Amino acid sequence: MDVTKVYYDSGGCSGNILQIVKREPEWAANRIQEGESAIEELAAFRATSHQADPVDEITLGEILQCPHCQTTGKAKIFRR
Numbered sequence: 657m658d659v660t661k662v663y664y665d666s667g668g669c670s671g672n673i674l675q676i677v678k679r680e681p682e683w684a685a686n687r688i689q690e691g692e693s694a695i696e697e698l699a700a701f702r703a704t705s706h707q708a709d710p711v712d713e714i715t716l717g718e719i720l721q722c723p724h725c726q727t728t729g730k731a732k733i734f735r736r
């Protein structure tokens, strides 16, 4: 876990991830649920686009295209 990255709470106060989670557990819950949703969406896209191999790096907003059926979709997760 990277505790050096700076995050901002809803009031604009900065802190590391542990500080922000402690101050705003609702924010943490929202981020976790958004991440789960993005993972599910990516898995569904891969299933419908015949992508069996995991993708190592995906950029937010990157357009992904299946080489078999040419189905496209927009990535909603950040670079790993």
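What the sequence shown shows, in this note's numbering, is residues 657 to 736, in sequence order.
Beta carbons: idealized from backbone N, C-alpha and C, even for Gly.
Predicted model only: the values in this text are computed from it and were never measured.
With fewer than 16 other CB atoms across the displayed protein chains lying within 10 angstroms of its CB, L674 is exposed. Distance from the CA atom of T660 to the CA atom of F701, rounded to whole angstroms, is 33 Å. Taking C-beta atoms as the reference points, V677 and A685 fail to come closer than 7 Å. When beta bridges are read from the DSSP output, S670 appears opposite Y664. Ranked by Cα distance from E680, the options A703, G667 and E690 are led by G667.
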